[in-house]
Amino acid sequence: MILGIETSCDETAAALVTDEGQLLASVVSSQADLHARYGGVVPEVASRRHLDLVSPVIREALGSAGASLDRVEKIAVTRGPGLVGALLVGLSAAKAIAWAGRLPLAPVDHLDGHIASLYLEPDPLEPPFLCLLASGGHTLLLAVRERGTSERLGTTLDDAAGEAFDKGARLLGLGYPGGAEIDRIAQGGDSSAFPFPIARVPGLDFSFSGLKTALLYRVRELGEDEAKRRRADLAASYQRAIVRALAQRVEAAVSATGFDRVAVVGGVAANSELRAALPAARFAPLDLCTDNAAMIASAARYVEALPYPDYLGLDAYASLS
Ligand code: KG4
Ligand code: ZN
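Here the numbering used here is used: the first residue of the sequence shown is 330, the next is one more, and so on.
And the structure:
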């Protein structure tokens, strides 16, 4: 049994997964309410909350699997990318538990984790496939030829897709994080009401900062009251522009690479319009799109674990290198 721990941003999460990829327990404690009043994640506040939550969340995962720590054979933990202070809380907890039990520790890259959300039972996906990873921190097109590795084909030149959702939500006076909120409000709006631009970027890269600026100008033009009244139309039109940009790039990547299967992972994979726009694609299960530890434990199955006690000096990393 693998115990996974994830604390890279504002979710404190622990999960238990077997070597075969059976998910035994997954607990996610979101700090979203805590950060909402600031309109985004405050790193220091996140670290402190992870400190409070990491032990109870791990205990809850063990409890819900009906297991004790002595049944755990390997510890998996997110080492990066993410907020370094937040990552260090999970990494330290993982080291302590692994060291105390003389267990091996597998350091997992958060992005490999998102991809590995596709590898869990009962319906694991087998490579090769083209993967769109769209989250709050990243927008990547990846060629996945075997489990545990991927090759980057495209990335965002500025904002990530989830970031575009969050910034748009903020401009529309919706809460943080805004993706799910835009998704919900857009259902009652007219997506052709406002013609928002889709960036023309060469190759297989993305760009979302122009779109965000277009929304800003449109909201200013309309004025506060009118923007509020047309909020559903604005949200629907804005969401459509993001979804179209993502879907068009996926289609271009399929033509360029010849992959016959497409998978979508990361927080934005929860978006209902994106799911509808790519009907043939395989999406991560809804509860495993946003950050969780089940995907981290799953990814650890394809990572070489460090034996006891070689991991004590491991450090976290903030960004992709
Ligand atoms: O994967 P994730 O939990 O964290 C990162 O690794 O960044 O992704 C979080 C992002 C946030 O930007 C959030 O607004 C977005 O995923 N998100 C959504 C939806 N649910 C979450 N975006 C669009 N539609 C949704 N339903
Ligand atoms: Zn993530």
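In this text, a Cβ means the ideal position worked out from N, Cα and C, and glycines have one as well.
Taking the alpha carbon of G517 as the reference point, which residue from R529, E555, E553, L563 has its own alpha carbon closest? Position 188 of the sequence shown, counted from the start, is the residue given in the question as residue 517. Measuring from the Cα of G517, the nearest candidate turns out to be L563.
At 4 residues or longer, and completely inside the stretch 518-599: list those alpha helix (DSSP H) runs for me, N to C. 538-551, 553-558, 560-586
Could you name the residues of the same chain whose beta carbon sits closer than 8 Å to that of L635, not counting the 5 residues immediately before and after it, in chain order? For this step, residue 635 is matched to residue 306 along the sequence shown. Once the five neighbours on either side are set aside, the close Cβ partners of L635 are P433, L434, A435, P436, L643.
Residues near V473 by beta carbon distance below 6 Å, same chain, minus five either side: Stepping through the sequence shown from its first residue, residue 473 is reached at position 144. For V473, where only same-chain residues beyond five positions count, the Cβ hits under 6 Å are P456, F458, C460, S479.
Candidates L471, A490, L501, E550: which alpha carbon is nearest A581's? For this step, residue 581 is matched to residue 252 along the sequence shown. Of the listed residues, the one whose Cα sits closest to A581 is L471.
What is the residue span of the alpha helix (DSSP H) that V437 lies within? Taking the sequence shown and counting its residues from 1, the one referred to as residue 437 is at position 108. Where V437 is concerned, there is no enclosing alpha helix (DSSP H), although the beta strand (DSSP E) it sits in stretches over 434-438.
Of the choices R578, F588, A623, whose alpha-carbon is the least far from that of I387? Translated into positions along the sequence shown, residue 387 becomes position 58. For the residues R578, F588, A623, the minimum Cα distance to I387 belongs to A623.
Give the residues whose C-beta lies closer than 5 Å to at least one heavy atom of ligand 2, in chain order. S464, D620
Among the residues of its own chain, which have a CB less than 8 Å from the CB of S446, if the five just before and after it don't count? Stepping through the sequence shown from its first residue, residue 446 is reached at position 117. Cβ neighbours of S446 beyond the five flanking positions: V594, A613, P614, L617, C618, N621, A623, M624, S627.
Candidates P385, S359, S384, of which the one nearest V374 by Cα: Here residue 374 is taken as the residue at index 45 of the sequence shown, counted from 1. Answer by Cα proximity: S359.
Label E492 either buried or exposed according to how many other C-beta atoms from any shown protein chain fall within 10 Å of its C-beta, with 16 as the threshold for buried. Within the sequence shown, residue 492 is the residue found at index 163, counting from 1. E492 should be labelled buried.
Assuming A570 and I527 make a contact with CB atoms under 8 Å, what is their CB distance in whole Å? The count along the sequence shown starts at 1 and reaches residue 570 at position 241. The count along the sequence shown starts at 1 and reaches residue 527 at position 198. Rounded, the Cβ-Cβ distance is 6 Å, consistent with contact.
Beta carbon of A509: closer than 7 Å to some heavy atom of ligand 1? Start at 1 with the first residue of the sequence shown, and residue 509 comes out as number 180. For ligand 1, at least one heavy atom lies less than 7 Å from the Cβ of A509.
Is D616 near ligand 1, in the sense that its beta carbon is under 7 Å from a heavy atom of that ligand? As a working mapping, residue 616 is identified with position 287 in the sequence shown. No, since every heavy atom of ligand 1 falls outside the 7 Å radius drawn around the Cβ of D616.
At which residue ranges does the stretch 409-477 contain complete beta strand (DSSP E) runs of 3 or more residues, listed in the order of the chain? Correct list: 434-438, 458-463, 468-473.
Indicate, with yes or no, if ligand 1 has a heavy atom lying under 7 Å from the CB of E633. As a first step, residue 633 must be located in the sequence shown, where it is residue number 304. E633: no, Cβ never under 7 Å from ligand 1.
Limits of the alpha helix (DSSP H) - the one that L382 falls within: Translated into the one-based positions of the sequence shown, residue 382 becomes position 53. Per DSSP, L382 belongs to the alpha helix (DSSP H) from 372-394.
Nearest candidate by alpha-carbon position, reference R559, set I426, L501, S421, D452: Taking the first residue of the sequence shown as 1, we reach residue 559 at position 230. Measuring from the Cα of R559, the nearest candidate turns out to be L501.
Exposure label - Y546; buried when at least 16 CB within 10 Å: Against the sequence shown, residue 546 aligns to sequence position 217. The Cβ neighbour count for Y546, taken over all protein chains shown within 10 Å, is under 16; the residue is labelled exposed.
Looking at K424: is its Cβ nearer than 8 Å to the Cβ of L641? Here the question's residue 424 lines up with position 95 in the sequence shown. Here the question's residue 641 lines up with position 312 in the sequence shown. Yes, the Cβ-Cβ distance between K424 and L641 is below 8 Å.
Per DSSP, which one or two residues make a beta bridge with A354? The residue you call residue 354 lines up with position 25 of the sequence shown. For A354, which the question treats as bridged, DSSP gives the partners L345.
If you count every other CB in all the chains shown that lies within 10 Å of the CB of Q568, and 16 or more means buried, which is it? Numbered from its first residue, the sequence shown carries residue 568 at position 239. By the beta-carbon neighbour count (other beta carbons within 10 angstroms, threshold 16), Q568 is buried.
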